[in-house]
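**Student:**
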């Protein structure tokens, strides 16, 4: 099943892609690699999840925030490529988790994004991954994701 | 106007590129991509801006620090490629902002670097971007930048 | 001397590569670039070095942790490529150092990894590098590394 079909089968709707707010753009492609800008868990133009893991938010809430940020990332990819089916491989996901002192379960939080990538792209969604605890994030967001995907020139069958 | 011409038109002078101090080098090219080492806001061999945003430094000072770090990055690129005109595209900028607790305006700080890239490279300077709040940075620097640029084999006209 | 020979000459034994524990994989190759997942200083399935630099750990201990994490990275590369001799160039090393407030010697800590890369790969081991102070890291690890290497299709002689 194609990634676009899979998205529909999962009943997922992509949000509007976040708008560029400065001298940067949501994504830049160089060769086969598409580099995304940092992605927050945005809903209706503002972060839906703020605060820190281990203080304001539980691991489950953090994973939900990571999943929402990942949906925003998919929206950016689709806006840039026209279709998610042009993703050949998810190469690398970086997950920055706003963390209170002593919180060390960043991987469980970022699984919310990793699992969504595999649900949508199947084997092509398995990625190299970095999970880090951040001290502060823009707009007090709970999560910020970075993403690199490899792109095919033609759509996957 | 070429990037080198634009730099002159802006009246900007590049600092001496920071020297490698260990087993690493200022930049490594692989294929068309040039990966830079982390860049601090260096002047005369030491960080010109130290301390944390939201405590020792204002957003305006942070943006100035980001701009200075970006000038150091341009110096590294020029030392490596011979001319800034060999930059085909600024691909990705990562900005790490030393942040006091509760400081969440990292994007406004990193704009100091983003705006300079667009001033120098025009449309080719628009990049994917990540802004993060760091707990501590090397040498107590206020800012650390990471940068990936795409390189042309011949100079742009 | 090849990287594999050099490893033997240094008397170094690679640990078992860390196992994937979720929807992500230890490394993804795209074109000539191999992107590794975040690497902790693992020994026997758990982090051998925990806590923060500038509080529980000295710079020397941190450099030892960075060296151990780097050995884990080499194990991942070898498991993926079959031989370290297929590494054409170490492109970029990112080093995240769990830091107590006021600790700013991250570069000296990450030298433990950088020096090992040059000892094993020689000139091809010289890399672009980023050193950052992290607030919290997964499993309370003292160090997390990220790594990108360029790969040759045939083994280096």
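Protein chains in written order, with my numbering: chain A, 1 to 157; chain B, 1001 to 1157; chain C, 2001 to 2157.
We treat Cβ as the ideally placed atom computed from N, Cα and C, and that holds for glycine.
Sorted by chain position, which residues of the same chain lie with C-beta nearer than 7 Å to residue 2073 (chain C)'s C-beta, five sequence neighbours on each side aside?
**Tutor:** For the purposes of this step, residue 2073 (chain C) is taken as the residue at position 73 of the third chain. Within the same chain, residue 2073 (chain C) has close Cβ partners 2036, 2039, 2145 and 2147.
**Student:** Taking C-beta pairs closer than 7 Å, name the residues in chain B that residue 2135 (chain C) reaches, listed in chain order.
**Tutor:** The residue you call residue 2135 (chain C) lines up with position 135 of the third chain. 1135, listed in chain order.
**Student:** Do residue 1113 (chain B) and residue 1069 (chain B) have their C-beta atoms within less than 9 Å of each other?
**Tutor:** Against the second chain, residue 1113 (chain B) aligns to sequence position 113. Against the second chain, residue 1069 (chain B) aligns to sequence position 69. Yes.
**Student:** Whole angstroms is fine: what's the gap from residue 1062 (chain B)'s alpha carbon to residue 1041 (chain B)'s?
**Tutor:** In the second chain, residue 1062 (chain B) corresponds to position 62, counting from 1. In the second chain, residue 1041 (chain B) corresponds to position 41, counting from 1. Their Cα atoms are separated by approximately 10 Å.
**Student:** Can you have a look at residue 1137 (chain B) and say buried or exposed, based on whether 16 or more other CB atoms are within 10 angstroms of its CB?
**Tutor:** One-based indexing of the second chain puts residue 1137 (chain B) at position 137. By the 10 Å Cβ count, residue 1137 (chain B) comes out buried.
**Student:** At the level of alpha carbons, what is the spacing between residue 157 (chain A) and residue 33 (chain A)?
**Tutor:** What you label residue 157 (chain A) is simply residue 157 of the first chain in a count that begins at 1. What you label residue 33 (chain A) is simply residue 33 of the first chain in a count that begins at 1. Confidence is the limiting factor: at residue 157 (chain A) the pLDDT is only 47, short of 50, which leaves the residue's position unreliable, though a coordinate-based value still follows. Looking at the two C-alpha atoms, the distance is approximately 20 Å.
**Student:** Smallest Cα separation from residue 78 (chain A): which of A:1, A:120 and A:45?
**Tutor:** If you number the first chain from 1, residue 78 (chain A) lands on position 78. Of the listed residues, the one whose Cα sits closest to residue 78 (chain A) is A:120.
**Student:** Rank A:24, A:59, A:99 and A:65 by C-alpha distance to the C-alpha of residue 46 (chain A) and give the top, closest one.
**Tutor:** Walking along the first chain from the start, residue 46 (chain A) turns up at place 46. Residue A:65 is the option with its Cα nearest to residue 46 (chain A).
**Student:** Which runs of the beta strand (DSSP E), 3 residues or longer, sit entirely within the segment 2098–2143 of chain C?
**Tutor:** Taking only runs of at least 3 residues, the beta strand (DSSP E) segments lying wholly in the segment 2098–2143 of chain C are 2128–2134.
**Student:** Could you tell me whether any Cβ in chain B is nearer than 9 Å to the Cβ of residue 22 (chain A)?
**Tutor:** Taking the first chain and counting its residues from 1, one reaches residue 22 (chain A) at position 22. With 9 Å as the cut-off, residue 22 (chain A) counts as an interface residue toward chain B.
**Student:** Helix, strand or coil for residue 2145 (chain C) per DSSP?
**Tutor:** As a first step, residue 2145 (chain C) must be located in the third chain, where it is residue number 145. Three-state DSSP puts residue 2145 (chain C) in a strand.
**Student:** Cutting at 8 Å between CB atoms, please list the residues of its own chain near residue 2076 (chain C), excluding the five before and the five after it.
**Tutor:** One-based indexing of the third chain puts residue 2076 (chain C) at position 76. Closer than 8 Å at the Cβ level, and outside the excluded window around residue 2076 (chain C), lie 2017, 2018, 2026, 2027, 2036, 2037 and 2039.
**Student:** With which residues is residue 30 (chain A) paired in a DSSP beta bridge?
**Tutor:** Reading the first chain from its first residue, position 30 is the one you call residue 30 (chain A). Its beta-bridge partners are A:33.
**Student:** Taking the alpha-carbon of residue 2102 (chain C) as reference, which of B:1058, B:1143, B:1013 and B:1139 has the nearest alpha-carbon?
**Tutor:** For the purposes of this step, residue 2102 (chain C) is taken as residue 102 along the third chain, with counting starting at 1. The shortest C-alpha separation from residue 2102 (chain C) is found at B:1139.
**Student:** What residue range does the alpha helix (DSSP H) around residue 1063 (chain B) cover?
**Tutor:** The count along the second chain starts at 1 and reaches residue 1063 (chain B) at position 63. Taken as a continuous stretch (DSSP letters only), the alpha helix (DSSP H) holding residue 1063 (chain B) covers 1059–1081.
**Student:** Could you please give the first and the last residue of the uninterrupted alpha helix (DSSP H) stretch that includes residue 3 (chain A)?
**Tutor:** Working through the first chain from its first residue, we reach residue 3 (chain A) at position 3. It spans 3–9 - the alpha helix (DSSP H) in which residue 3 (chain A) sits, taken as one unbroken run.
**Student:** For residue 1089 (chain B) and chain A, any beta-carbon pair shorter than 9 Å?
**Tutor:** Residue mapping note: residue 1089 (chain B) aligns to position 89 of the second chain, counting from 1. Closer than 9 Å to some Cβ of chain A, the Cβ of residue 1089 (chain B) qualifies, so yes.
**Student:** For residue 2072 (chain C), which residues in chain A fall below 8 Å Cβ to Cβ?
**Tutor:** As a working note, residue 2072 (chain C) is residue 72 in the third chain. Annotation: residue 2072 (chain C) has no Cβ neighbours in chain A at a cutoff of 8 Å; minimum Cβ distance is about 14 Å.
**Student:** Report the CB separation of residue 1130 (chain B) from residue 1094 (chain B) in whole angstroms; it is logged as a contact under 8 Å.
**Tutor:** One-based indexing of the second chain puts residue 1130 (chain B) at position 130. One-based indexing of the second chain puts residue 1094 (chain B) at position 94. At roughly 5 Å, the Cβ-Cβ gap stays under 8 Å, so residue 1130 (chain B) and residue 1094 (chain B) are in contact.
**Student:** Does residue 1035 (chain B) have its Cβ less than 9 Å from a Cβ in chain C?
**Tutor:** For this step, residue 1035 (chain B) is matched to residue 35 along the second chain. Chain C contact via Cβ: present.
**Student:** Can you check whether the C-beta of residue 1062 (chain B) is within less than 9 Å of a C-beta belonging to chain C?
**Tutor:** Against the second chain, residue 1062 (chain B) aligns to sequence position 62. Residue contact with chain C for residue 1062 (chain B): absent (no Cβ-Cβ distance below 9 Å to any residue of chain C).
**Student:** Are the C-beta of residue 155 (chain A) and some C-beta of chain B separated by less than 9 Å?
**Tutor:** For the purposes of this step, residue 155 (chain A) is taken as the residue at position 155 of the first chain. Residue placement at residue 155 (chain A) is flagged as unreliable, the pLDDT there being 48, under the threshold of 50; the coordinate-derived value follows with that caveat. Judged by the 9 Å Cβ criterion, residue 155 (chain A) is not in contact with chain B.
**Student:** May I have the straight-line CA-CA distance separating residue 97 (chain A) from residue 48 (chain A), to the nearest angstrom?
**Tutor:** As a working note, residue 97 (chain A) is residue 97 in the first chain. As a working note, residue 48 (chain A) is residue 48 in the first chain. Taking the straight line from one Cα to the other gives about 14 Å.
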